[in-house]
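Peer 1:
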Amino acid sequence: MSEPLLSVRSLSSGYGHVLALDNIQLEVNEGEIFSVVGANGAGKTTLLLTLCGHIKAFAGEVRFDGQDFSRIAAHDAAWRGMVMVPEGGRLFPFMTVMENLELGAFHHEARKRMSQTLDEVLSLFPVLADRRDQLAGRLSGGERQMCAVGRALMSLPRMLMLDEPSLGLAPIMVDRLFDKVQSLVQNKGLTVLLVEQNVGNALRLCQRGCVLDHGRLVKVSTGAELLRDPEVQRTYMGV
Ligand SMILES: Nc1ncnc2c1ncn2[C@@H]1O[C@H](COP(=O)(O)OP(=O)(O)OP(=O)(O)O)[C@@H](O)[C@H]1O
Ligand SMILES: [Mg+2]
982 MSEPLLSVRS
992 LSSGYGHVLA
1002 LDNIQLEVNE
1012 GEIFSVVGAN
1022 GAGKTTLLLT
1032 LCGHIKAFAG
1042 EVRFDGQDFS
1052 RIAAHDAAWR
1062 GMVMVPEGGR
1072 LFPFMTVMEN
1082 LELGAFHHEA
1092 RKRMSQTLDE
1102 VLSLFPVLAD
1112 RRDQLAGRLS
1122 GGERQMCAVG
1132 RALMSLPRML
1142 MLDEPSLGLA
1152 PIMVDRLFDK
1162 VQSLVQNKGL
1172 TVLLVEQNVG
1182 NALRLCQRGC
1192 VLDHGRLVKV
1202 STGAELLRDP
1212 EVQRTYMGV
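In terms of the working numbering, the sequence shown opens at residue 982 and continues consecutively.
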């Protein structure tokens, strides 16, 4: 067995005196989509923020791609291949679509390959080519999400962490976005850590996933197993 791309040991994290993640153990394999499920406030966003160095962990160990990420700084994590698309995308609203995309290619290697990556991103999301000179703040919710994912791809990530990418999107846009994510995984060998409010969709899309409850990891299993789990169905899918 090869080493997992991401491995998390005894990770605790939070805000000041608030413990939001308690002793998390997790492994994500290269080339898989891994979903994180949990109620509001369960710690999903905190997990992503801690992994990519936006929040300092209280304790524990994170390894990514054979490197120690336990005390990584956010900019360091990004150029080493771990990139988060935060909730709502956080584009620069007064910059154009193209300027936002170019900002994604912030490190040397990504700069060097920028025009090729840009072509790939625009063929993946043709709507961004049509809107290239439009201010990002004037995009629709779906277009904004595509632009945010596109910007993240511009930095040539190994692992993309998506926080609620379907928030506010019409069902057809959600399907489209998830199709794109799946094609990136299949064709580009990308690894995805997905936090998604639509639990059914997320579990159908992923190979494996986990359930967080009040900052604790309570289940890790395949997507199919979790979909069949009566407790998951009752608690997170309203079945
Ligand atoms: N900036 C902050 N300062 C203090 N506490 C915070 C902060 N952000 C989150 N928390 C707390 O940490 C816990 C986990 O929050 P987190 O945002 O990770 O949850 P989540 O699972 O992403 O929820 P949601 O589904 O609502 O996005 C919650 O109890 C929350 O109140
Ligand atoms: Mg959240």
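Positions of the beta carbon are idealized from the N, C-alpha and C atoms, including for glycine. Predicted, not measured: the structure shown is a model, and the values here were computed from it.
Do the CB positions of residue 1123 and residue 1079 come within less than 7 angstroms of each other?
Peer 2: Numbered from 1 along the sequence shown, position 142 holds the residue referred to as residue 1123. Numbered from 1 along the sequence shown, position 98 holds the residue referred to as residue 1079. The answer is no: Cβ separation not under 7 angstroms.
Peer 1: Beta-carbon within less than 7 angstroms of residue 1062's beta-carbon, same chain only, minus the 5 sequence neighbours each way: which residues are those?
Peer 2: Stepping through the sequence shown from its first residue, residue 1062 is reached at position 81. Closer than 7 angstroms at the Cβ level, and outside the excluded window around residue 1062, lie 1046, 1138, 1139, 1140.
Peer 1: How would you label residue 1037, buried or exposed, when you count the other beta carbons within 10 angstroms and need 16 or more for buried?
Peer 2: Stepping through the sequence shown from its first residue, residue 1037 is reached at position 56. Counting Cβ neighbours within 10 Å, residue 1037 comes out exposed, since fewer than 16 surround it.
Peer 1: Quick check on residue 1146: buried or exposed, where buried means 16 or more other Cβ atoms within 10 Å of its Cβ?
Peer 2: Here residue 1146 refers to the residue found at position 165 of the sequence shown. Classification for residue 1146: buried.
Peer 1: Buried or exposed: where does residue 1162 fall if 16 or more other Cβ atoms within 10 Å of its Cβ makes it buried?
Peer 2: Reading the sequence shown from its first residue, position 181 is the one you call residue 1162. It counts as buried.
Peer 1: What do you get for residue 983, buried or exposed, if any count of 16 or more other CB atoms within 10 angstroms of its CB means buried?
Peer 2: Indexing the sequence shown from 1 puts residue 983 at position 2. It is exposed - the Cβ of residue 983 has fewer than 16 other Cβ atoms within 10 Å.
Peer 1: Along the chain, where does the beta strand (DSSP E) containing residue 1123 start, and where does it finish?
Peer 2: By 1-based counting over the sequence shown, the position of residue 1123 is 142. It is not in any beta strand (DSSP E) - residue 1123 instead sits in the alpha helix (DSSP H) that spans 1122-1134.
Peer 1: Is the closest heavy atom of ligand 1 to the C-beta of residue 1024 under 6 angstroms?
Peer 2: Against the sequence shown, residue 1024 aligns to sequence position 43. Yes, since a heavy atom of ligand 1 falls inside the 6 angstroms radius drawn around the Cβ of residue 1024.
Peer 1: Could you work out which residue in 1212, 1068, 1118 is closest to residue 1030 when comparing CA atoms only?
Peer 2: Locating residue 1030 in the sequence shown gives position 49, counting from the first residue. Residue 1030 has its Cα closest to that of 1068, out of 1212, 1068, 1118.
Peer 1: For residue 1236, which of 1015, 1070, 1179, 1180 has the nearest alpha-carbon?
Peer 2: An answer regarding residue 1236 cannot be provided, because it is not within the stretch 982 to 1220 covered by the chain.
Peer 1: Among residues of its own chain, excluding the 5 on either side of residue 1160, which ones have a beta-carbon nearer than 7 angstroms to its beta-carbon?
Peer 2: Position 179 of the sequence shown holds residue 1160. The answer is none, since no qualifying residue turns up.
Peer 1: Measure the CB-CB distance between residue 1121 and residue 1041 and report whether it falls below 7 angstroms.
Peer 2: The residue you call residue 1121 lines up with position 140 of the sequence shown. The residue you call residue 1041 lines up with position 60 of the sequence shown. Against a cut-off of 7 angstroms, the Cβ pair of residue 1041 and residue 1121 comes out as no contact.
Peer 1: By alpha-carbon positions, which one of 1077, 1168, 1094 ends up nearest to residue 1110?
Peer 2: If you number the sequence shown from 1, residue 1110 lands on position 129. For residue 1110, the nearest C-alpha among the options comes from 1077.
Peer 1: Run through the stretch 992-1063 for me and flag every whole alpha helix (DSSP H) of 4 or more residues, listed as ranges in chain order.
Peer 2: For the stretch 992-1063, whole alpha helix (DSSP H) runs of length 4 or above, ordered along the chain, are 1025-1032, 1055-1060.
Peer 1: Would you give the residue range spanned by the beta strand (DSSP E) that residue 1172 belongs to?
Peer 2: Taking the first residue of the sequence shown as 1, we reach residue 1172 at position 191. Note, residue 1172: beta strand (DSSP E), 1172-1176.
Peer 1: For residue 1126, is the classification buried or exposed, using 16 other Cβ atoms within 10 angstroms of its Cβ as the cut-off for buried?
Peer 2: Locating residue 1126 in the sequence shown gives position 145, counting from the first residue. Label assigned to residue 1126: buried.
Peer 1: Using the DSSP secondary-structure output, state which residues sit across from residue 983 in a beta bridge.
Peer 2: As a first step, residue 983 must be located in the sequence shown, where it is residue number 2. The partner list for residue 983 (beta bridge, DSSP) is empty, contrary to what the question assumes.
Peer 1: How would you call residue 1070, buried or exposed, if buried means at least 16 neighbouring beta carbons within 10 angstroms?
Peer 2: In the sequence shown, the residue the question calls residue 1070 occupies position 89. Looking at its Cβ environment, which holds 16 or more other Cβ atoms inside 10 Å, residue 1070 is buried.
Peer 1: Helix, strand or coil for residue 1141, going by three-state DSSP, please let me know.
Peer 2: Start at 1 with the first residue of the sequence shown, and residue 1141 comes out as number 160. DSSP places residue 1141 in strand when its eight states are reduced to three.
Peer 1: With distances taken from CA atoms, which of 1202, 1206, 1193, 1066 is nearest residue 1021?
Peer 2: What you label residue 1021 is simply residue 40 of the sequence shown in a count that begins at 1. Of 1202, 1206, 1193, 1066, the residue nearest in Cα terms is 1193.
Peer 1: For the alpha helix (DSSP H) containing residue 1190, list its first residue and its last residue.
Peer 2: Stepping through the sequence shown from its first residue, residue 1190 is reached at position 209. From DSSP, residue 1190 is part of no alpha helix (DSSP H) but of the beta strand (DSSP E) over 1189-1194.
Peer 1: Inspect the CB distances between the stretch 1210-1217 and the stretch 1054-1061 and report whether three or more fall short of 8 angstroms.
Peer 2: Verdict: no, contact absent.
Peer 1: Once you ignore the five residues that flank residue 1086 on each side, which residues in its own chain have a CB closer than 7 angstroms to its CB?
Peer 2: On the sequence shown, residue 1086 is found 105 positions in, with the first residue counted as 1. Once the five neighbours on either side are set aside, the close Cβ partners of residue 1086 are 1092, 1095, 1098, 1135, 1136.
Peer 1: Return the residue from the list 1011, 1143, 1023, 996 that minimises the CA-CA distance to residue 1167.
Peer 2: Here the question's residue 1167 lines up with position 186 in the sequence shown. It is 1011 whose Cα lies nearest to the Cα of residue 1167.
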